[in-house]
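Encoded as structure tokens, the structure appears first; notes follow it.
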Amino acid sequence: MEPITIVLFGATGDLAKRKIYPALYNLFLDNKLPRSFSLIGLGRREWTDASFQANVEQSLRDFSRRQANDPALLKEFLQAFRYSVLDIGQKKDYQKLLLLIEQREEQLRIPPNRMFYLSVGPEFFETIAANIQDSGLGSANGWKRLVIEKPFGHDLQSARDLNQKLSNAFAEDEIYRIDHYLGKPMVQRLESLQQTNPVIQALWNNRHIANVQITANETVGVEERAGYYDHVGAIRDMFQNHMLQLLMMTAIQLPQKSASDKVRFKKKQVMEALEPLQKQDVGASVIRGQYEAGSIQGKPVIGYTSEPGIAPASKNDTFIAARLQIDDYFWRGVPFYIRTGKRMKEKSTRIVIEFKDPSKQTLSASEDLIAPNLLVIEMSPHEGITLQINTKDPQHKGEFKPIHIDLHPGEKDFPEAYENLIHDAMHGDATFFAHWDEVEMSWAWVEPILEAFEENLVPLHPYAAGTNGPVESDALLAQDGYHWWFDT
Ligand code: BG6
């Protein structure tokens, strides 16, 4: 493993505390961090190295998946952490930073391989990238990488502007755009599920698949993010990125062992084949909703427009369901239904592949009570794969009965998305990061939806918190003779 310096902007923030430090620590405990590793935390707060290390330690106690039995390990890990006060707009702070990094590299005798991780609001990306460039921080004789988190823009134009500015300082293959859904263990397994199982590979097309359902439901509401969420809604917060990424990862066709650029190339092909929507037709395939007061697991919750910080007349979407069509050789005619919402009945993230039912031709009328074969890929709350098949039930006169073959991997302690992603970024493996082409094409695809929402061309359906969303979302599938699986 190559030695590395991680330069973390936003080191005092919430994401760093909840996700980044615990992820690094778990990698360290699994011997997946380079032995010579240094992290320079940056923030506006006047912390010292010691107070920074104490904060990191606390975050590990609060949020790490695992704790070390040996206290010496924790100590060794924390020794890699240094802190420097930095005002993002102040050029001289970057000079100070450069000196600190060089000093650490010299102390540790490591080459200047630097990963700049921007755990800050997107409004700061441009300034930081330009200052990294101007200060010479990124022009040392090693490699440099930039890790950023969504949102990548607010619409197609702003995403293009941002990308243009970032690309002045970093080449595309130096930019690692995190979409944490791509780090989820089950999403990472999708690729190999197809590649290593000829049975599945043979069925992965419109001859055998009736429809695909991708759900990411949450029970939480807007939480403390009213200012952000009321401007983005479910369409920008989840759909444009996470949901379309899940669609790409499900629909890619990967005949051989694939290198990163092959996976990304194939994902791009899926986006290219995605049938575009026209603004005036959005209402026929997209349902938008907003939660009202209701109750979740027996606990009453308020409606979206009563949430602190949300305008009472807000028309923002907290739910979206859509029917998408991929117009290519493999998927033509197979609807992909996607939905995501806040304040839903349960937290569940899953992909359901419903297979076609050839029994209609082969069974007599009295025998046609069989269920379709389903392949269910669960990401949350549990991770695993289930296959629903039919058998005859000897106890009930040989009636057909669906049984579930459970392919739950049995690993209780999965690495978290951020562990996978940080590990890959450190190793220069970009397979599970969003390429600019994917980001741009996703924005282009959702653009007519954004416009239709903006111009109120699509009704905003209320739904009670704690339900499966507006009934119109069920009707969307019913039009095609289907229903959402596993809604309770
Ligand atoms: C984030 C969104 O990207 O994903 C949040 O901004 C959402 O609004 C979260 O709650 C969901 O992630 P997960 O991993 O809990 O499904």
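The opening position of the sequence shown corresponds to residue 1428 in our numbering, with each subsequent residue numbered one higher. Using N, Cα and C, we set each Cβ at its ideal position, and we do this for glycine too.
For the beta strand (DSSP E) containing residue i, list its first residue and its last residue.
i	result
N1644	1636 to 1644
T1432	1431 to 1436
K1518	Premise fails: K1518 lies in the alpha helix (DSSP H), 1518 to 1535, not in any beta strand (DSSP E).
K1828	1826 to 1833
N1632	Run containing N1632: none; DSSP gives neither H nor E here.
G1660	Note, G1660: premise wrong, no beta strand (DSSP E); alpha helix (DSSP H) at 1653 to 1661.
L1609	Run containing L1609: none; DSSP gives neither H nor E here.
K1459	It is not in any beta strand (DSSP E) - K1459 carries neither H nor E in the DSSP assignment.
For residue i, tell me which candidate among the options has the shortest Cα-Cα distance.
i	options	result
V1378	A1678, G1710, D1744	Missing from the structure shown is residue 1378; the chain here goes from 1428 to 1915 and no further.
N1558	D1582, Q1517, L1589	Q1517
L1671	Y1608, Y1890, A1905	Y1608
E1645	K1772, M1698, G1760, I1797	K1772
L1617	H1910, Q1522, I1780, G1563	I1780
K1519	S1546, G1563, K1828	G1563
Y1417	H1669, N1800, Q1717	Limits of the chain in this structure are 1428 at one end and 1915 at the other, which puts residue 1417 out of reach.
F1464	Q1485, F1504, R1493, F1692	F1504
Y1448	N1638, R1462, S1486	S1486
L1524	G1908, H1669, Y1890, G1470	G1470
L1904	I1714, Y1452, V1647	I1714
E1484	I1467, Y1452, E1532, D1514	Y1452
D1441	G1610, V1547, T1677	V1547
T1623	D1664, P1808, L1681, N1633	L1681
R1759	A1481, P1897, P1889, R1634	R1634
G1811	T1776, K1783, P1799	T1776
L1814	Q1822, L1801, E1805	L1801
A1892	P1785, L1884, K1774, T1642	K1774
Q1667	R1488, F1746, P1735, F1436	F1746
F1841	A1450, I1433, P1430	A1450
S1733	P1727, Q1724, L1435, A1720	A1720
E1429	A1481, R1492, K1571	K1571
Q1705	F1436, N1883, E1878, T1439	E1878
V1434	F1508, R1492, Q1494	F1508
R1472	K1444, R1445, T1439	T1439
In the DSSP assignment, what residue or residues form a beta bridge with residue i?
i	result
P1762	Q1752
K1694	The partner list for K1694 (beta bridge, DSSP) is empty, contrary to what the question assumes.
H1888	G1716
D1820	E1826
K1571	R1541
K1726	I1723
M1771	T1894
F1508	L1466
T1776	A1643, S1807
T1439	DSSP, once it has assigned bridges, lists no residue as partnering T1439.
Q1815	L1801, H1831
F1746	G1716, G1768
L1701	I1753
F1782	I1636
E1576	I1605
Is the closest heavy atom of the ligand COA to the C-beta of residue i under 7 Å?
i	result
M1698	With respect to the ligand COA, the structure offers nothing, as its ligand set consists of the ligand BG6.
Ends of the alpha helix (DSSP H) at residue i?
i	result
G1710	1709 to 1712
M1806	Careful: M1806 lies outside any alpha helix (DSSP H), inside the beta strand (DSSP E) at 1801 to 1807.
A1902	1898 to 1905
P1612	1612 to 1622
Y1603	Unbroken run through Y1603 is the beta strand (DSSP E), 1602 to 1605; no alpha helix (DSSP H).
T1554	1552 to 1562
M1665	No alpha helix (DSSP H) contains M1665, which DSSP labels as neither H nor E.
F1880	1863 to 1881
K1592	1583 to 1596
L1671	1671 to 1678
R1488	1476 to 1490
M1853	1844 to 1853
Counting pairs of beta carbons, one from the region 1543 to 1561 and one from the region 1571 to 1579, are three or more of them closer than 8 Å? In the pairwise beta carbon analysis, the region 1543 to 1561 is classified as touching the region 1571 to 1579: at least three pairs are separated by under 8 Å.
Decide yes or no for the touch test of the region 1618 to 1631 against the region 1532 to 1548: beta carbon pairs closer than 8 Å, at least 3 of them. Contact between the region 1618 to 1631 and the region 1532 to 1548 is absent: fewer than three C-beta pairs spanning the two stretches fall below 8 Å.
Looking at C-beta atoms only, is the number of pairs between the region 1745 to 1763 and the region 1694 to 1710 that lie closer than 8 Å three or more? The region 1694 to 1710 and the region 1745 to 1763 touch, with three or more beta-carbon pairs separated by less than 8 Å.
Assess contact between the region 1840 to 1858 and the region 1870 to 1877, defined as three or more Cβ pairs (one per stretch) separated by less than 8 Å. Is contact present? Contact fails: fewer than three Cβ-Cβ distances are below 8 Å.
Three or more beta-carbon pairs under 8 Å between the region 1450 to 1461 and the region 1493 to 1504, yes or no? Flag = yes, the region 1450 to 1461 and the region 1493 to 1504 touch.
Three-pair Cβ contact test at 8 Å for the region 1472 to 1491 versus the region 1577 to 1591: Contact fails: fewer than three Cβ-Cβ distances are below 8 Å.
Take every Cβ of the region 1819 to 1833, pair it with every Cβ of the region 1849 to 1862, and state whether three or more of those distances are shorter than 8 Å. Counting Cβ pairs under 8 Å, fewer than three are found: no touch.
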